[in-house]
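Asks:
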Amino acid sequence: MLEKLGSMRSAYGEALVELGGSRSDVVVLGADTTESIKSGMFGAKYPERFFNMGIAEQNLVGVAAGLALAGKIAYAGTYAIFVPGKCVDQIRNIIAYADLNVKLVCSHGGISVGPDGASHQQLEDIAIMRVIPKMRVVVPSDSVSVKSIVKSIADIHGPFYVRLTRGVVKGSTSPIVYEDGFEYKLGKLNLLRDGSDVAIFACGLMVPEALLAAESMKAKGVSAAVVDAHTIKPLDEELVAKLARQCGSVVTAEEHNIIGGMGSAIAEAVTKHHPVKVERVGVVDRFGESGEATELFRKYGLTAARIEEAAAVARKSS
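Going by this note's numbering, the sequence shown wraps up at 410, each residue one higher than the last.
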């Protein structure tokens, strides 16, 4: 389980190239990080539809909006610390307010950026983007789902924020969750394994950790459901409510501040539909720091062991 590895960034580049071949209305914009996040793969194939705006993130967003107004499907991205970090005003007032067809796909979210440190470790983006009206927020768990999501959202009108991560394994890769493929459906989360004692909702790189935690709990007689909560907005409240009733306790796990992120979204839905104990695993209201990604995940408690501990607390309180 989870033995195969893949690069989310490479999957993004490959998906853009495939989209470029099937849709002449797709354009791609970058902000001087196109080689790093692999969007330059599209530029090499379709240079007339590729725009590197330089280190000017507000301009990146504005030009993407202009291209969308001209009838294009604009994919714009850089590192997550810069978008949305440096241009929330432009995203809110130019893209979201006008409901423009701009897909913001940004990499290097979370502390998995590693040695670059707190200034480049984006831990607030999910919270920022999910409160903007009309914005959809998606956090893929592996390279397979990245490819499906990036291509699928071309057919869904309106703004998206898709958060990719650098990866914590050699070559900036991460475990592949969906070996048999992945079909993206807006607003529908993926139940990876069913359970009856606790429901674990995870996104991004925490999905593999959640699966490892569930396997460990199974050996101890605890039945844990695991959900890939890839689409944080719009949230699949129906599945959240179903599992809250079925399991009686909930754990959330994300590579993000626990305030305002995926865990908050799940807790809001649980409170609304079927209140049960919710334990949130994530970065607890602090900045990141420089270090190797695997070391930081252990220090900040983004591990299968921490998820298992949270599940025990949630079940004891239910």
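Backbone N, C-alpha and C define an ideal beta-carbon position, used for all residues, glycine too.
(1) Identify whether Ala-103 lies in helix, strand or coil by the three-state DSSP scheme.
(2) Quick one: residues in its chain with C-beta nearer than 8 Å to the C-beta of Val-269, no 5 flanking neighbours on either side, listed in chain order?
(3) Could you have a look at His-212 and say whether DSSP puts it in helix, strand or coil?
(4) In three-state terms, what does DSSP make of Ile-241?
(5) So within the segment 287-350, which uninterrupted alpha helix (DSSP H) runs reach at least 4 residues, ignoring any that extend past its ends?
(6) Where do the ends of the alpha helix (DSSP H) carrying Asn-151 lie?
(7) When the distance is taken between beta carbons, is Arg-101 closer than 8 Å to Lys-46?
(8) Compare the Cα-Cα distances from Ile-248 to each of Ala-188, Arg-255, Leu-161 and Asn-193 and report the closest residue.
(9) Here's the rule I'm using: 16 or more other beta-carbon atoms within 10 Å means buried, otherwise exposed. How should Ile-173 be labelled?
(10) Report all residues from its chain with a CB closer than 7 Å to the CB of Asp-124; omit the five preceding and five following residues, and keep chain order.
(11) If we count Cβ pairs, one from each stretch, closer than 8 Å, do we get three or more for the segment 215-227 versus the segment 390-401?
(12) Thinking just about the alpha-carbon of each residue, which of Gly-313, Phe-379 and Ser-409 is nearest to the one in Val-343?
(13) Terminal residues of the continuous alpha helix (DSSP H) containing Phe-252?
(14) Could you give the residue range of the alpha helix (DSSP H) that holds Val-261?
(15) For my contact list, Ile-165 and Asp-208 are in at a C-beta cut-off of 8 Å; report their separation, rounded to the angstrom.
(16) Work out the CA separation of Ala-311 and Ala-188 for me, nearest whole Å.
(17) Taking just the CA atoms, how far does Gly-135 sit from Arg-141?
(18) Mind the definition here: the segment 370-385 touches the segment 345-362 only if three or more C-beta pairs lie below 8 Å; say whether that holds.
(19) Let me know the secondary structure DSSP gives Phe-134 once reduced to three states.
Replies: Taking the coordinates as given:
(1) The sequence position of residue 103 within the sequence shown is 11, counting from 1. Helix.
(2) In the sequence shown, the residue the question calls residue 269 occupies position 177. For Val-269, where only same-chain residues beyond five positions count, the Cβ hits under 8 Å are Leu-94, Ser-233, Asp-234, Val-236, Ser-237, Leu-284, Val-299, Pro-300, Leu-303 and Asp-320.
(3) Position 120 of the sequence shown, counted from the first residue, corresponds to residue 212. The answer is helix: DSSP assigns His-212 an H, G or I state.
(4) Counted from its first residue, the sequence shown places residue 241 at position 149. In this structure, Ile-241 counts as helix in the three-state DSSP scheme.
(5) 298-310 and 329-339
(6) Residue mapping note: residue 151 aligns to position 59 of the sequence shown, counting from 1. Note, Asn-151: alpha helix (DSSP H), 149-161.
(7) Examination of residue 46 is not possible in this model, given that the chain is present from 93 through 410 alone.
(8) In the sequence shown, residue 248 corresponds to position 156, counting from 1. Among Ala-188, Arg-255, Leu-161 and Asn-193, the Cα nearest to that of Ile-248 belongs to Asn-193.
(9) As a first step, residue 173 must be located in the sequence shown, where it is residue number 81. Burial call: buried.
(10) Stepping through the sequence shown from its first residue, residue 124 is reached at position 32. Within the same chain, Asp-124 has close Cβ partners Asn-144, Gly-146 and Ile-147.
(11) no
(12) Against the sequence shown, residue 343 aligns to sequence position 251. Ranking the options by Cα distance to Val-343, first place goes to Ser-409.
(13) Counting from one through the sequence shown, the residue named residue 252 turns up at place 160. Note, Phe-252: premise wrong, no alpha helix (DSSP H); beta strand (DSSP E) at 252-255.
(14) What you label residue 261 is simply residue 169 of the sequence shown in a count that begins at 1. Element bounds for Val-261: n/a, residue is neither H nor E.
(15) As a first step, residue 165 must be located in the sequence shown, where it is residue number 73. As a first step, residue 208 must be located in the sequence shown, where it is residue number 116. Between Ile-165 and Asp-208, the beta carbon gap of about 31 Å keeps them out of contact (Cβ cut-off 8 Å).
(16) Numbered from its first residue, the sequence shown carries residue 188 at position 96. Numbered from its first residue, the sequence shown carries residue 311 at position 219. Using only the alpha carbons, I get a separation of about 47 Å.
(17) Indexing the sequence shown from 1 puts residue 141 at position 49. Indexing the sequence shown from 1 puts residue 135 at position 43. Distance from the CA of Arg-141 to the CA of Gly-135, rounded to the nearest whole angstrom, comes to 7 Å.
(18) yes
(19) Within the sequence shown, numbered from 1, the residue matching residue 134 stands at position 42. Helix, per DSSP.
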